[in-house]
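If you read the sequences in order, they're chains A and B. Under the numbering used here, the first residue of the first sequence is numbered 1, with each subsequent residue one higher. Under the numbering used here, the first residue of the second sequence is numbered 1001, with each subsequent residue one higher. Even for Gly, the Cβ is constructed at its ideal location relative to N, Cα and C. Values in this document were obtained by computation on a predicted structure and should not be read as measured data.
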Amino acid sequence: EAQVTQNPRYLITVTGKKLTVTCSQNMNHEYMSWYRQDPGLGLRQIYYSMNVEVTDKGDVPEGYKVSRKEKRNFPLILESPSPNQTSLYFCASSLWGQLNSPLHFGNGTRLTVT
Amino acid sequence: AQKVTQAQTEISVVEKEDVTLDCVYETRDTTYYLFWYKQPPSGELVFLIRRNSFDEQNEISGRYSWNFQKSTSSFNFTITASQVVDSAVYFCALSERGSQGNLIFGKGTKLSVKP
């Protein structure tokens, strides 16, 4: 089944403790991206990757890192999480990073930082 | 400036009513795409439709229909004979040329369909 898989689905952590949210897609998509969803703000892009070893900042990259060492994986790293990073996170992929490619989303990771 | 506006924060209807979700967008590009996504209570985001800026034909898919009007920069979504399973948050999104695949989302409209 074609899908984007994120893990974990739920995560509670404390301020400053490094964490990684994994994302993997099995559709051989070139393009991958991370979004965060907050009440009243909709979805905002954190980082994106057009291809292996190519990553770039989205609209809200502060406090996050990503890497794209393999085509299928695009982990999101929070080196020192803070409470304002409490959010619902979505990984997404599309065939090409072009305006007509619909994004396929993972099921989301709900992160709470205390 | 907000590029995708969904003015209706929440809508509540009774089952079998028709409901229209509004979406107004702003762009200077002549080539762009518009999308609708559904987020049910379970939380996942489901792609519903994609429309390019050169195609103003209305689209109908079962009980769903979309009305794209470039003259008013609107891409409205109508559910006919709503059902409880339609209860979800619906997002309208815009993709512009040079956006590197980024979708600009509206803030969403929460639709509650009551039995």
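Quick check: what's the CA-CA separation for F105 (chain A) versus A92 (chain A)?
Position 105 of the first sequence, counted from the first residue, corresponds to residue 105 (chain A). Position 92 of the first sequence, counted from the first residue, corresponds to residue 92 (chain A). Rounded to the nearest angstrom, the two C-alpha atoms are 4 Å apart.
So F1047 (chain B) and S1095 (chain B) are supposed to be a Cβ contact under 8 Å. How far apart are they, rounded?
As a working note, residue 1047 (chain B) is residue 47 in the second sequence. As a working note, residue 1095 (chain B) is residue 95 in the second sequence. Not really, about 12 Å apart at Cβ, beyond 8 Å.
Considering just the uninterrupted stretch of the beta strand (DSSP E) at S993 (chain B), what are its terminal residues?
Nothing in the structure corresponds to residue 993 (chain B), since chain B is present only between 1001 and 1115.
As a quick exercise: from A:T15, A:P39, A:Q25, A:T5, pick the residue whose alpha carbon is nearest that of L78 (chain A).
Position 78 of the first sequence, counted from the first residue, corresponds to residue 78 (chain A). With distances taken between Cα atoms, L78 (chain A) lies closest to A:T15.
On a Cα-Cα basis, can you pick out the residue from B:Y1037, B:L1045, B:F1075 that is closest to Q1057 (chain B)?
Here residue 1057 (chain B) corresponds to residue number 57 of the second sequence, with the count starting at 1. Q1057 (chain B) has its Cα closest to that of B:F1075, out of B:Y1037, B:L1045, B:F1075.
Name the chain E residues whose beta carbon is nearer than 8 Å to that of F74 (chain A)?
The chain inventory of the structure shown lacks chain E, comprising the protein chains A and B.
In or out: M32 (chain A) buried (at least 16 other Cβ within 10 Å) or exposed?
As a position in the first sequence, residue 32 (chain A) is number 32, starting the count at 1. So M32 (chain A) counts as buried.
Check the Cβ of S101 (chain A) against every Cβ in chain B and list those closer than 7 Å, keeping chain order.
Locating residue 101 (chain A) in the first sequence gives position 101, counting from the first residue. Those within 7 Å of S101 (chain A) in chain B are G1101.
Does any CB atom of chain A fall closer than 8 Å to the CB of K1107 (chain B)?
The residue labelled residue 1107 (chain B) in the question sits at position 107 within the second sequence. Yes - at least one Cβ of chain A is within 8 Å of the one on K1107 (chain B).
Thinking P61 (chain A) and T22 (chain A) are a contact (beta carbons under 8 Å), I'd like their distance in whole angstroms, please.
Here residue 61 (chain A) refers to the residue found at position 61 of the first sequence. Here residue 22 (chain A) refers to the residue found at position 22 of the first sequence. So it is not a contact: roughly 19 Å between Cβ atoms.
Pull up the CB-CB distance for V1019 (chain B) and I1079 (chain B), whole angstroms please, since I reckon it's below 8 Å.
For the purposes of this step, residue 1019 (chain B) is identified with residue 19 of the second sequence, where counting begins at 1. For the purposes of this step, residue 1079 (chain B) is identified with residue 79 of the second sequence, where counting begins at 1. With 8 Å as the limit, V1019 (chain B) and I1079 (chain B) qualify as a contact, their Cβ atoms being about 5 Å apart.
Relative to the C-alpha of R1028 (chain B), which residue among B:R1097, B:N1102, B:E1010, B:S1065 is closest?
On the second sequence, residue 1028 (chain B) is found 28 positions in, with the first residue counted as 1. Ranking the options by Cα distance to R1028 (chain B), first place goes to B:R1097.
Could you tell me which residues DSSP pairs with N7 (chain A) in its beta bridges?
Position 7 of the first sequence holds residue 7 (chain A). The partner list for N7 (chain A) (beta bridge, DSSP) reads A:T22.
Taking C-beta pairs closer than 8 Å, name the residues in chain B that Q58 (chain A) reaches, listed in chain order.
Here residue 58 (chain A) corresponds to residue number 58 of the first sequence, with the count starting at 1. For clarity, residue 58 (chain A) is Gly in the given sequence; the question names Gln instead. Those are N1102, listed as they occur along chain B.
In the DSSP assignment, find the unbroken beta strand (DSSP E) run with S1082 (chain B) in it and report its ends.
To locate residue 1082 (chain B), count along the second sequence from 1; it is residue 82. Per DSSP, S1082 (chain B) belongs to no beta strand (DSSP E) and is neither H nor E.
Can you pull the chain B neighbours of M50 (chain A), defined as C-beta to C-beta under 9 Å?
Within the first sequence, numbered from 1, the residue matching residue 50 (chain A) stands at position 50. Chain B residues near M50 (chain A): Q1100, G1101.
Give me, in chain order, the residues of the same chain whose beta-carbon lies closer than 8 Å to that of E146 (chain A); leave out the 5 immediate sequence neighbours on both sides.
Chain A is shown only over 1 to 114; residue 146 (chain A) falls outside these bounds and no answer can be derived.
Between S87 (chain A) and chain B, is any beta-carbon pair separated by less than 8 Å?
The sequence position of residue 87 (chain A) within the first sequence is 87, counting from 1. By this cut-off, S87 (chain A) is not an interface position.
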